[in-house]
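Worksheet: one structure, shown below.
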Amino acid sequence: FRRVLFRSRIDGIPEPETKEAGKVFAGWSQSKTGDVEIGKNEIYDFIPESDMYLYAVYAEGYKVILDPNGGRFDWDDEENEPIREVGVVKGEMLEDNPWCVSKESGKVFVGWSHDKDATEAEISKYDLWEYEPGRDETLYAVYVPGYKVTLDCNGGHFDWDEEETVHTVEVAKGGNLYENPWAESFE
Numbered sequence: 401f402r403r404v405l406f407r408s409r410i411d412g413i414p415e416p417e418t419k420e421a422g423k424v425f426a427g428w429s430q431s432k433t434g435d436v437e438i439g440k441n442e443i444y445d446f447i448p449e450s451d452m453y454l455y456a457v458y459a460e461g462y463k464v465i466l467d468p469n470g471g472r473f474d475w476d477d478e479e480n481e482p483i484r485e486v487g488v489v490k491g492e493m494l495e496d497n498p499w500c501v502s503k504e505s506g507k508v509f510v511g512w513s514h515d516k517d518a519t520e521a522e523i524s525k526y527d528l529w530e531y532e533p534g535r536d537e538t539l540y541a542v543y544v545p546g547y548k549v550t551l552d553c554n555g556g557h558f559d560w561d562e563e564e565t566v567h568t569v570e571v572a573k574g575g576n577l578y579e580n581p582w583a584e585s586f587e
């Protein structure tokens, strides 16, 4: 059995890592030497029908380092995760889409770039999950001047949750709210 290192995931299921160069976690199998039966992202919806023992499966792939570039990941208020390393099977998409928050007032997150000093995103913050790397690489968060727009339901609530009454959206200068369909923060 191959020894693996675990790193925490937000949703509570650890993702294995191998020390074997050029290999990344691809999913799970009921056999030590089997092919992937349950994809690494499918495990969250997997419903077992009995007690099981699952083995990590590794495949050729790339390591993509996501660097918040002076900011922080939006879920990481205490800044415990300075970078995020994601394994991507060769020929597959990243399937991860973390958002970042700038520590600099008046700057908003717009996406990712291979250039640490970029002023424009190569990959939109909405499209990272579709990105297909061709090598090990580092992507840096890109921040641009922008505004925070807070929407208050004024006694009502948003249709996705009766408890959510305030919604704040970050918008790049010159951008519009329609370009930012997902929430950045809630109260």
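Under this note's numbering, the first residue of the sequence shown is numbered 401, with each subsequent residue one higher.
Each residue gets a CB set at the ideal place from its N, CA and C atoms; glycine is no exception.
| Check | Outcome |
| --- | --- |
| In or out: F425 buried (at least 16 other Cβ within 10 Å) or exposed? | buried |
| The beta strand (DSSP E) spanning V508 covers which residue range? | 507–513 |
| Under the three-state reduction of DSSP, which class applies to I447: helix, strand or coil? | coil |
| Using only the alpha-carbon positions, how far apart do S408 and E415 sit? | At S408 the pLDDT is 35, less than 50, meaning the model places this residue with poor confidence and gives no usable figure here. |
| Out of L528, W499, L551, which has the shortest C-alpha to C-alpha gap to V569? | L551 |
| Skipping 5 residues on each side, what residues in its chain have a beta carbon closer than 7 Å to that of I483? | I465, L466, D467 |
| Can you list, in chain order, the stretches of the beta strand (DSSP E) that have 3 or more residues and sit fully within the stretch 465–503? | 484–489 |
| For Q430 and Y531, what's the separation of their Cα atoms in angstroms? | 29 Å |
| Since E537 sits in a beta bridge, which residues does DSSP pair it with? | V464 |
| Pick out whichever of Y453, L528, D474 has its Cα sitting closest to the Cα of W512. | L528 |
| Between which residues of its own chain and I443 is the CB-CB distance below 7 Å, once the five residues before and five after are set aside? | I413, W428 |
| Let me know if R535 comes out buried or exposed under the rule of 16 or more other beta-carbons within 10 Å of its beta-carbon. | exposed |
| Please look up how many angstroms separate the CB atoms of N441 and E492, rounded, as I've assumed it's under 8 Å. | No, N441 and E492 are not in contact; Cβ-Cβ is about 10 Å, not under 8 Å. |
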